[in-house]
Amino acid sequence: MERISTGISELDVKLEGGYPIGKVILVTGASGTGKTIFGLHFLRRSCIDGRKCVHIATEESPEDLLVQAEMLGLDLRPYLDSGQLTVKRVFETRTYNVEQAAEFGFGSKMIDVDILKQVKLVPDDTDVVVIDNMGVFALDLSVKEFRDRIDTINRMLAGKGCTTLFIMDEAAYKLTHEVSEYSAYGSIKLMVKENPYTGVRERYLDIPKMRSTKISLDLAVFDITSEGIKFRKSGSKA
Ligand SMILES: Nc1ncnc2c1ncn2[C@@H]1O[C@H](COP(=O)(O)OP(=O)(O)OP(=O)(O)O)[C@@H](O)[C@H]1O
Ligand SMILES: [Mg+2]
């Protein structure tokens, strides 16, 4: 199976070379666990490798995202300027709709940003798509509606040959009974928890599923540094 680098070399090793190409990988975790930074690594690597990328940002403006990337040594600006990377302004559309709805008394359906339309607009020659955060599209839907929508997006992006990261917050993931897990080809969970031996809170990465890939079920420990995500060598301390 062909692979594409995740942008984190230690993770590439764990995944026999990277994400399976043309598939959807789900990334979940509570707030602040590093999901957005995880996506930035993938985008930066893909841009360096000359791939065409689309980022659908539902929770922050492209400007904020670029600043965050730059601070972590993952500068994306040159690729945005050259058109190799497109950042969709979903966040502004979504919040503008909420503002309009409040002013003119529209119902909640008016607030919805149509994710299917956004995905349809992804150009056919796109190699990599990151959707951060899928959770905002889940809140107003039944679990069945959400599952149907996820499956449809999956099929649309697979048809375009895109390797996709679905980033989803823990609350929406739980609210939708974790159905997105079944729909995705692979699943990565990020978490912060206490090390039972030292009492120190640490960042962990778990890969519960990656089809067509031999994976270790051991949790990996990582740090977020000024150079982004760095895995610890097993047994080493911060
Ligand atoms: N330069 C840095 N050095 C060290 N840690 C950093 C740095 N920049 C960010 N962080 C850490 O990364 C965390 C945020 O990561 P990120 O934005 O990827 O989380 P997230 O899972 O996307 O959160 P949310 O669900 O709220 O969007 C911050 O809480 C901060 O602790
Ligand atoms: Mg985030």
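With my numbering applied, the sequence shown corresponds to residues 9 to 246, in that order. Virtual Cβ for every residue (Gly too), placed ideally from N, Cα, C.
C-alpha gap between residue i and residue j, whole angstroms
i: G25; j: T94; result: 26 Å
i: D135; j: C61; result: 6 Å
i: N203; j: E18; result: 21 Å
i: H49; j: G58; result: 14 Å
i: K217; j: I223; result: 8 Å
i: R211; j: E111; result: 42 Å
i: E100; j: L73; result: 13 Å
i: I16; j: P86; result: 20 Å
i: G169; j: V32; result: 10 Å
i: V208; j: T41; result: 15 Å
i: K152; j: K125; result: 19 Å
i: L149; j: N105; result: 18 Å
i: F239; j: A179; result: 26 Å
i: V144; j: E186; result: 15 Å
i: R52; j: L88; result: 11 Å
i: Q108; j: I158; result: 27 Å
Residue environment, residue i, which counts as buried when at least 16 other CB atoms sit within 10 Å
i: M118; result: Model confidence at M118 stands at a pLDDT of 48, short of 50, so the residue's coordinates are unreliable and nothing is read from them.
i: P127; result: The sequence shown places Val at residue 127, rather than the Pro named in the question. Flag for V127 reads buried.
i: V138; result: buried
i: T36; result: buried
i: P28; result: buried
i: R163; result: exposed
i: Y205; result: exposed
i: S39; result: exposed
i: G194; result: buried
Segment limits, alpha helix (DSSP H) that includes residue i
i: E78; result: P70 to M79
i: T44; result: K43 to I56
Endpoints, beta strand (DSSP E) assigned at residue i
i: P86; result: Counting along the chain, P86 falls outside any beta strand (DSSP E), though it belongs to the alpha helix (DSSP H) covering R85 to S90.
i: K233; result: For the sequence presented, residue 233 should be read as Thr rather than Lys. Residues A228 to T233.
i: I139; result: V136 to D140
i: L34; result: V32 to G37
- [ ] Would you list, in sequence order, the uninterrupted beta strand (DSSP E) runs of no fewer than 3 residues that lie entirely inside the stretch 168 to 214?
- [x] Listed in chain order, the complete beta strand (DSSP E) runs (minimum 3 residues) inside the stretch 168 to 214 are 171 to 177 and 194 to 202.
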